[in-house]
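Peer 1: When you read off a place in the sequence shown, starting at 1, and then add 213, the result is the number in my numbering. Each residue gets a CB set at the ideal place from its N, CA and C atoms; glycine is no exception. These figures come from a predicted structure and were not determined experimentally. There's a structure below that I have some questions on.
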Amino acid sequence: MKQVVVGAGILGTSIAYYLQKRGVDVLLVDADFKGKATKAGAGIVCPWVSSRKDPDLYRLARAGAIYYPELVEELKQDSDLETGYQLCGALALGQDEEDLDRLYQEAVSKREETDFVGEVRKLNNEEAKEMFPPLQDDVSAVYVSGGARVDGQKLNEALLKGFQKHGGELLEEEISLASDDGEVYIETGRGNMAVKQVILAAGAWSKDLLAPIGVDLTLEPQRGQIAHVYTEQDTRDWPVVLPQTSHYMLAFEDSRVVFGATRETGSGFDYRLTAGGVHEVLHEGLTVAPGLRDATLGEVRIGFRPMGPDYKPLLGRVSDFDNLIVATGLGPSGLTIGPYVGKLIGQLALGEEVEVDLSYYDPLR
Ligand SMILES: Cc1cc2nc3c(=O)[nH]c(=O)nc-3n(C[C@H](O)[C@H](O)[C@H](O)COP(=O)(O)OP(=O)(O)OC[C@H]3O[C@@H](n4cnc5c(N)ncnc54)[C@H](O)[C@@H]3O)c2cc1C
Numbered sequence: 214m215k216q217v218v219v220g221a222g223i224l225g226t227s228i229a230y231y232l233q234k235r236g237v238d239v240l241l242v243d244a245d246f247k248g249k250a251t252k253a254g255a256g257i258v259c260p261w262v263s264s265r266k267d268p269d270l271y272r273l274a275r276a277g278a279i280y281y282p283e284l285v286e287e288l289k290q291d292s293d294l295e296t297g298y299q300l301c302g303a304l305a306l307g308q309d310e311e312d313l314d315r316l317y318q319e320a321v322s323k324r325e326e327t328d329f330v331g332e333v334r335k336l337n338n339e340e341a342k343e344m345f346p347p348l349q350d351d352v353s354a355v356y357v358s359g360g361a362r363v364d365g366q367k368l369n370e371a372l373l374k375g376f377q378k379h380g381g382e383l384l385e386e387e388i389s390l391a392s393d394d395g396e397v398y399i400e401t402g403r404g405n406m407a408v409k410q411v412i413l414a415a416g417a418w419s420k421d422l423l424a425p426i427g428v429d430l431t432l433e434p435q436r437g438q439i440a441h442v443y444t445e446q447d448t449r450d451w452p453v454v455l456p457q458t459s460h461y462m463l464a465f466e467d468s469r470v471v472f473g474a475t476r477e478t479g480s481g482f483d484y485r486l487t488a489g490g491v492h493e494v495l496h497e498g499l500t501v502a503p504g505l506r507d508a509t510l511g512e513v514r515i516g517f518r519p520m521g522p523d524y525k526p527l528l529g530r531v532s533d534f535d536n537l538i539v540a541t542g543l544g545p546s547g548l549t550i551g552p553y554v555g556k557l558i559g560q561l562a563l564g565e566e567v568e569v570d571l572s573y574y575d576p577l578r
């Protein structure tokens, strides 16, 4: 019998790739729903200056950021696809000396725990603009060289290819969960399928999948609208830009700059661009980078972040069932922590010792 991973976003493909490489026979299932978070995710991997202060989540994010180079190297052996991962550095913006001191101290104290934070330096406006030319005039920044970016969609494809290279099977359809005598099975278009284990990594849809077997997850979709603009400039080495708000900016090598993102709690699965949402991301983006006013608006993507009761993910077994693992709730940090959490869930699925105490992330809390 197979182990089934439901959901082929960043988390599901990371789990499936990890397990398949270790000789487990995995069936990965995906319905390709509109609003898959991984397709819309911005791609910032930089927990070194963060507005979220939860220590457990920070430890996970730190491990996630450190895990990236290892994973990217591994994927080079298994897939000829790019991941878009690059250590491009980050600029944390501040309005005054007090802001800069706080950001600087935060990054320096995190560097005491890991060299991965890299160089930490205060920059005046002119120095910051040398790194990110369209920046507004009235801000300074703390530069952190260990900030990185990744293209979520590309990484997702590379993981999938690596999984398939090792013999993994992908089933492209919507499935449901059902249970019998404490065992979960899946209902597919080909009929019911008994499985060794189900690993539910269906992002924001995971709650609906669990309802028929009587499991009530505290999870909801949070819509994010995110704009991609194109400029004539060479953006390849531009750092990630982190203002003091929940908005941010990052560039990719194809002269593309991404303005992120709305955080629309209560949106449900309403897959629409809204006038207010598009206005918000463009307004916030152009306030921080007025030099991009003349850039070409390419597209605005929509994604549903899987949001649990707090910012921490929902990870672990559900005691009513012998063969069910839940892995979701990555919220706004899924591209940072998804690959590493995939490894942890892989360890759990294999019955190995998990290198992080998952009790902080009880899925039914
Ligand atoms: C606008 C935006 C910006 C973001 N920016 C960042 C960022 O800069 N850095 C960062 O770290 N994180 C970021 N995130 C968060 C990150 O993108 C998400 O946390 C992460 O992608 C979630 O991945 P996932 O695999 O859990 O879910 P998803 O990527 O949503 O994948 C879930 C999959 O499950 C499938 N599925 C659902 N139900 C079924 C079913 N019944 N049968 C079969 N398949 C099913 C769906 O088709 C989907 O493909 C951002 C998110 C958004 C929306």
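1) In chain order, which alpha helix (DSSP H) runs of at least 4 residues are fully inside the stretch 224–311?
2) When burial is assigned at 16 or more other CB atoms within 10 Å of the CB, is Pro425 buried or exposed?
3) Just verifying my parser: in three-state terms, what is the DSSP assignment at Asn405?
4) Taking 7 Å as the cut-off, is the C-beta of Asp523 nearer than that to any heavy atom in ligand 1?
5) From Asp312 to Gly222, what distance separates their C-alpha atoms?
6) I'd like to confirm the pairing. Which residues does DSSP put opposite Ser353 in its beta bridges?
7) How far does the alpha helix (DSSP H) with Met344 in it extend, from its first residue to its last?
8) Any heavy atom of ligand 1 inside 7 Å of the beta-carbon of Ser546?
9) Hey, quick one: how far does the alpha helix (DSSP H) through Tyr553 stretch, first residue to last?
10) In or out: Asn405 buried (at least 16 other Cβ within 10 Å) or exposed?
11) Classify Glu433 as helix, strand or coil using the three-state DSSP reduction.
12) Of the choices Val219, Gly225, Tyr231 and Ser227, whose alpha-carbon is the least far from that of Leu563?
13) By Cβ distance below 6 Å, which residues in the same chain neighbour Leu288 in space, the five residues on each side in sequence not counted?
14) Comparing alpha-carbon positions, which option in Leu273, Val355 and Glu445 lies nearest Ala457?
15) Here's the rule: buried if 16 or more other CB atoms are within 10 angstroms of the residue's CB, otherwise exposed. What is Gln290?
16) Counting along the chain, where does the beta strand (DSSP E) carrying Glu382 start and finish?
17) Looking only at C-alpha atoms, which of Lys378, Thr431 and Ala417 sits nearest to Asp293?
18) Could you check how far apart the C-beta atoms of Arg518 and Gly555 are, in whole angstroms? I think they sit under 8 Å.
19) Mind checking which residues open and close the beta strand (DSSP E) that includes Gln457?
20) Out of Val567, Val569, Gly542 and Leu537, which one is the CA nearest neighbour of Gln216?
21) Which whole-angstrom value is the C-beta distance of Tyr484 and Ile515, which I expect to be below 8 Å?
22) Is Arg436 buried or exposed, if buried means 16 or more other CB atoms sit within 10 Å of its CB?
23) Go through its chain and collect everything with a Cβ distance to Leu548's Cβ below 7 Å, but skip five positions before and after it.
Peer 2: A quick look at the data gives this:
1) 250–253 and 268–291
2) The sequence position of residue 425 within the sequence shown is 212, counting from 1. Flag for Pro425 reads exposed.
3) For the purposes of this step, residue 405 is taken as residue 192 along the sequence shown, with counting starting at 1. The answer is strand: DSSP assigns Asn405 an E or B state.
4) Within the sequence shown, residue 523 is the residue found at index 310, counting from 1. Because no heavy atom of ligand 1 lies under 7 Å away, the Cβ of Asp523 does not count as near it: no.
5) Here residue 312 refers to the residue found at position 99 when the sequence shown is read from its first residue. Here residue 222 refers to the residue found at position 9 when the sequence shown is read from its first residue. Taking the straight line from one Cα to the other gives about 36 Å.
6) Stepping through the sequence shown from its first residue, residue 353 is reached at position 140. DSSP output for Ser353 lists Gly307 as bridge partner(s).
7) Position 131 of the sequence shown holds residue 344. Element bounds for Met344: Asn338 to Met344.
8) In the sequence shown, residue 546 corresponds to position 333, counting from 1. Ser546: yes, Cβ under 7 Å from ligand 1.
9) Against the sequence shown, residue 553 aligns to sequence position 340. Element bounds for Tyr553: Gly547 to Leu563.
10) For this step, residue 405 is matched to residue 192 along the sequence shown. By the neighbour-count rule (16 or more Cβ atoms within 10 Å), Asn405 is not buried but exposed.
11) In the sequence shown, residue 433 corresponds to position 220, counting from 1. It is a strand residue.
12) Position 350 of the sequence shown, counted from the start, is the residue given in the question as residue 563. Leu563 has its Cα closest to that of Tyr231, out of Val219, Gly225, Tyr231 and Ser227.
13) Your numbering for residue 288 matches position 75 in the sequence shown. Within the same chain, Leu288 has close Cβ partners Ala371 and Gly375.
14) Stepping through the sequence shown from its first residue, residue 457 is reached at position 244. Residue identity check: residue 457 is Gln in the sequence provided, not Ala. Among Leu273, Val355 and Glu445, the Cα nearest to that of Gln457 belongs to Val355.
15) Working through the sequence shown from its first residue, we reach residue 290 at position 77. So Gln290 ends up on the exposed side.
16) To locate residue 382, count along the sequence shown from 1; it is residue 169. Taken as a continuous stretch (DSSP letters only), the beta strand (DSSP E) holding Glu382 covers Glu382 to Leu384.
17) Residue mapping note: residue 293 aligns to position 80 of the sequence shown, counting from 1. Of Lys378, Thr431 and Ala417, the residue nearest in Cα terms is Lys378.
18) Position 305 of the sequence shown holds residue 518. Position 342 of the sequence shown holds residue 555. Arg518 to Gly555, Cβ: 17 Å. No contact.
19) Here residue 457 corresponds to residue number 244 of the sequence shown, with the count starting at 1. Neither: Gln457 is in no beta strand (DSSP E) and is coded neither H nor E.
20) As a first step, residue 216 is located in the sequence shown; it is residue number 3 there, counting from the start. Nearest option by C-alpha distance: Leu537.
21) Here residue 484 refers to the residue found at position 271 when the sequence shown is read from its first residue. Here residue 515 refers to the residue found at position 302 when the sequence shown is read from its first residue. Sure, about 6 Å apart at Cβ, within 8 Å.
22) The sequence position of residue 436 within the sequence shown is 223, counting from 1. It is buried - the Cβ of Arg436 has at least 16 other Cβ atoms within 10 Å.
23) Here the question's residue 548 lines up with position 335 in the sequence shown. Answer for Leu548: Ile223, Gly254, Gly256, Val258, Val363 and Gly365, listed in chain order.
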